[in-house]
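Asker: Below are the structure tokens for one structure; questions will follow.
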Amino acid sequence: DELIRIRDIGRKYVIGTETIEALKSVSLDIHKGEFVALMGPSGSGKSTLMNILGCLDTPSHGDYILNGINVSHMTDNQLATVRNKEIGFVFQTFNLLPRYTALENVALPLVYAGVSKKEREERALDALINVGLENRVDHRPNELSGGQRQRVAVARALINNPSIILADEPTGNLDTKTSVEIMALMENIHIKGNTIILVTHEEDIARHAHRIVRMRDGLIENDDLISKV
Ligand code: ADP
Ligand code: ADP
């Protein structure tokens, strides 16, 4: 019983007379609670696959079944509804709103979900405590370090209890020490039962996952479980 079932999906981009097959034929099952690293050279189709996984895009052919729902043929509005409920995003560039405090940034997804102000603040505070930022609640992004900003982004991604966390190079803008801290946080989130899919170019970062999917030329080249010592 998989959380994610991808069956022979493809994604073509047509530019003028040229067609690029960014994904040729990809099949992938991911169970609830898995921690998957997605790797592969630039242009291999990772972003295209992540966009489909995150319900930002749909495949040109094939099926994507998320939590039992076939989202392959949904309209943009339907996709947005699924996305807000099911997906938490973490980005390389944090994507926080600069004028908002850490608490307000974390609470933002709850505004769209129609949660009351009091409950939003309580839940956002809890989420910030969980990522170790209880002393930075009222700080704005430019008053925070890169690692702290990414912690805020992780808290925001988790606030709606999404089915999947999609992290696109979450350590790409962080130094080695801070990257290790953020990956420890991701492992912690994984241990609590969350499903995580993470794109990274770095083997040291991918090692924190328990499964590595490697892409090449729009195909999955390799899909291996990592043995943990
Ligand atoms: P990766 O994330 O592994 O670098 P991408 O999914 O971004 O790979 O790209 C896969 C292929 O699809 C590349 O050849 C890329 O140039 C092409 N591509 C990606 N997005 C688009 C787009 N929006 N329009 C046209 N071509 C695209
Ligand atoms: P990364 O590899 O860091 O994920 P990319 O540079 O591959 O980022 O892609 C950044 C964005 O540009 C993505 O949304 C991707 O879909 C789009 N993109 C990539 N290649 C092309 C392309 N050839 N034409 C148009 N858009 C593209």
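Sequential numbering from 2 applies to the sequence shown in the UniProt record's numbering.
No residue lacks a Cβ here, since even glycine has one placed at the ideal position from N, Cα and C.
Quick caveat: nothing in here was measured; it's all calculated off a predicted structure.
(1) Could you pull out every residue in the same chain whose Cβ sits closer than 6 Å to the Cβ of S61, ignoring the five residues on either side in sequence?
(2) With P171 and I88 assumed to form a contact (beta carbons below 8 Å), what rounded beta-carbon distance in angstroms separates them?
(3) Please give me, in chain order, every unbroken run of the alpha helix (DSSP H) with length at least 4 that falls completely inside the region 27-85.
(4) Got a sec, what are the start and stop residues for the beta strand (DSSP E) I14 sits in?
(5) Where does the unbroken alpha helix (DSSP H) through G147 begin, and where does it stop?
(6) For the region 171-213, which segments carrying the alpha helix (DSSP H) assignment without a break, of at least 4 residues, lie completely within its bounds, in sequence order?
(7) Tell me, please, which residues DSSP counts as bridged to A103.
(8) In angstroms, rounded to a whole number, what distance separates the CA positions of D9 and N85?
(9) For the alpha helix (DSSP H) containing D127, list its first residue and its last residue.
(10) Please state whether the Cβ-Cβ distance between I213 and A38 is less than 8 Å.
(11) Assuming G55 and A23 make a contact with CB atoms under 8 Å, what is their CB distance in whole Å?
(12) If L159 and A128 are in contact, beta carbons under 8 Å, what's the gap, nearest whole angstrom?
(13) On the criterion of 16 or more Cβ atoms from any shown chain inside 10 Å, does E35 qualify as buried, or is it exposed?
(14) If you drop the 5 nearest sequence neighbours on each side, which residues of the same chain put their C-beta closer than 8 Å to that of G148?
(15) Using only CA atoms, which one of P142, D169, R150 lies nearest to E203?
Answerer: Based on what the coordinates show:
(1) Translated into positions along the sequence shown, residue 61 becomes position 60. Only G11, R12, K13 meet the Cβ criterion.
(2) To locate residue 171, count along the sequence shown from 1; it is residue 170. To locate residue 88, count along the sequence shown from 1; it is residue 87. At roughly 15 Å, the Cβ-Cβ gap does not stay under 8 Å, so P171 and I88 are not in contact.
(3) 47-54
(4) The residue given as residue 14 occupies position 13 in the sequence shown. A small fix is needed here, since residue 14 is Tyr in this sequence, not Ile. 5-16 is the span of the beta strand (DSSP E), which, as asked, contains Y14.
(5) Here residue 147 is taken as the residue at index 146 of the sequence shown, counted from 1. G147 -> alpha helix (DSSP H) spans 147-159.
(6) 177-192, 204-207
(7) Residue 103 sits at position 102 when you count from the first residue of the sequence shown. Bridge partners of A103: none, in fact.
(8) For the purposes of this step, residue 9 is taken as residue 8 along the sequence shown, with counting starting at 1. For the purposes of this step, residue 85 is taken as residue 84 along the sequence shown, with counting starting at 1. D9 and N85: Cα-Cα distance of roughly 25 Å.
(9) Start at 1 with the first residue of the sequence shown, and residue 127 comes out as number 126. Taken as a continuous stretch (DSSP letters only), the alpha helix (DSSP H) holding D127 covers 118-131.
(10) Here residue 213 is taken as the residue at index 212 of the sequence shown, counted from 1. Here residue 38 is taken as the residue at index 37 of the sequence shown, counted from 1. Yes.
(11) Along the sequence shown, read from residue 1 onward, the residue named residue 55 stands at position 54. Along the sequence shown, read from residue 1 onward, the residue named residue 23 stands at position 22. For a cut-off of 8 Å, the C-beta gap from G55 to A23 is around 15 Å, too long to register as a contact.
(12) The count along the sequence shown starts at 1 and reaches residue 159 at position 158. The count along the sequence shown starts at 1 and reaches residue 128 at position 127. Going by Cβ atoms, the distance from L159 to A128 rounds to 6 Å, so yes, they are a contact pair.
(13) For the purposes of this step, residue 35 is taken as residue 34 along the sequence shown, with counting starting at 1. By the 10 Å Cβ count, E35 comes out buried.
(14) As a working mapping, residue 148 is identified with position 147 in the sequence shown. These residues qualify, in order along the chain: L175, T179, E182, I183.
(15) Here the question's residue 203 lines up with position 202 in the sequence shown. Nearest option by C-alpha distance: D169.
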